[in-house]
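K.L.:
For the sequence shown, the working numbering assigns the number 21 to the initial residue and increments by one for each residue that follows.
Even for Gly, the Cβ is constructed at its ideal location relative to N, Cα and C.
The following block contains the structure, expressed as structure tokens.
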Amino acid sequence: MWQGSVVSLHIAPKASVPMESVGSVRAVPGLGLEGDRYFLGTGTYSPKPSHGNREVTLIETETVAALFDGVQNAEGHRLGIKLSPAETRRNIATSGVPLNHLVDREFWVGPVLLVGTRLCEPCKHLEDLTHKGVLAALIHRGGLRARILTEGVIRVGDPIRPKTA
């Protein structure tokens, strides 16, 4: 069994503005993270009916580091994309968490129970806000969308672990 941790937390009050790093944030089922654009209904994709799938997003810091260190284009050249976890536009940056394996699975982030709903594939909007090549580099590695099942406060440093029966 694995156990990871919350490396950083990010929210933005409206679409397209830079994400702000915070030390803690309240997670509310059906709404998202207090103060975040999707909680407030001001996110780029808020009007879409799949809003419930945008309650919280997670990304592995290992993936963010690989964008600069190891991702190569079709010609074998390193892309050298340098992004901070906040620039990925994901709410929770993790370490030691196999996010792709958490689709349809429940897991704890500190005192909050989440369920993975689907992979958080990159979009052109993300590439427009960051760097050319991000879209291709993050396919199947862009993180995880999750629904919040229990209310609580998530803090930087909180453990992330699977829900056990």
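Among M21, M39, K34, which one has its Cα closest to the Cα of S28?
P.N.:
Ranking M21, M39, K34 by Cα distance to S28 puts M39 first.
K.L.:
Once the 5 residues before and after G72 are set aside, which same chain residues still bring their CB inside 6 Å of it?
P.N.:
Confidence is the limiting factor: at G72 the pLDDT is only 48, short of 50, which leaves the residue's position unreliable, though a coordinate-based value still follows. Within the same chain, G72 has no close Cβ partners at all.
K.L.:
Could you check the C-alpha separation between G50 and L169 for me, to the nearest Å?
P.N.:
Approximately 8 Å between the Cα atoms of the pair.
K.L.:
So which of L103, V37, D178 has the shortest CA-CA distance to V129?
P.N.:
Nearest of L103, V37, D178 to V129, Cα basis: D178.
K.L.:
Let me check one thing: in DSSP terms, what residues is L29 bridge-paired to?
P.N.:
According to DSSP, which records beta bridges pairwise, L29 is partnered with V42, I112.
K.L.:
Under 6 Å Cβ to Cβ from A32, same chain only, skipping five residues before and after it: list those, please.
P.N.:
Result list for A32: M39, R57, in chain order.
K.L.:
In angstroms, rounded to a whole number, what distance separates the CA positions of G55 and V42?
P.N.:
Spanning the two alpha carbons is a distance of roughly 10 Å.
K.L.:
If you run the structure through DSSP and keep just helix, strand and coil, what is P182?
P.N.:
P182: strand per DSSP, three-state reduction.
K.L.:
Using 8 Å for Cβ pairs, my map puts V173 next to S36. What's the rounded Cβ distance?
P.N.:
The pair is not a contact, with the Cβ atoms about 27 Å apart (cut-off 8 Å).
K.L.:
Quick one, which of T184, R46, E75 has its alpha-carbon nearest R109's?
P.N.:
Closest option to R109, Cα to Cα, is E75.
K.L.:
On the CB-based measure, 16 or more other CB atoms within 10 Å of its CB, does W22 come out buried or exposed?
P.N.:
Label assigned to W22: exposed.
K.L.:
Among the residues of its own chain, which have a CB less than 8 Å from the CB of V84, if the five just before and after it don't count?
P.N.:
So the list reads L103, S104, P105, T108, A113, once near-sequence residues are dropped.
K.L.:
Would you call G24 buried or exposed, if buried means 16 or more other Cβ atoms sit within 10 Å of its Cβ?
P.N.:
Per the 10 Å Cβ criterion, buried.
K.L.:
In or out: G61 buried (at least 16 other Cβ within 10 Å) or exposed?
P.N.:
Result: exposed.
K.L.:
Straight-line CA distance for F59 to T137?
P.N.:
Looking at the two C-alpha atoms, the distance is approximately 17 Å.
K.L.:
Specify the secondary structure class of L122 as computed by DSSP and reduced to three states.
P.N.:
Reduced to three states, the DSSP call for L122 is helix.
K.L.:
Please report the distance separating the alpha-carbon of E171 from that of V135.
P.N.:
Each residue's Cα considered, the two are about 13 Å apart.
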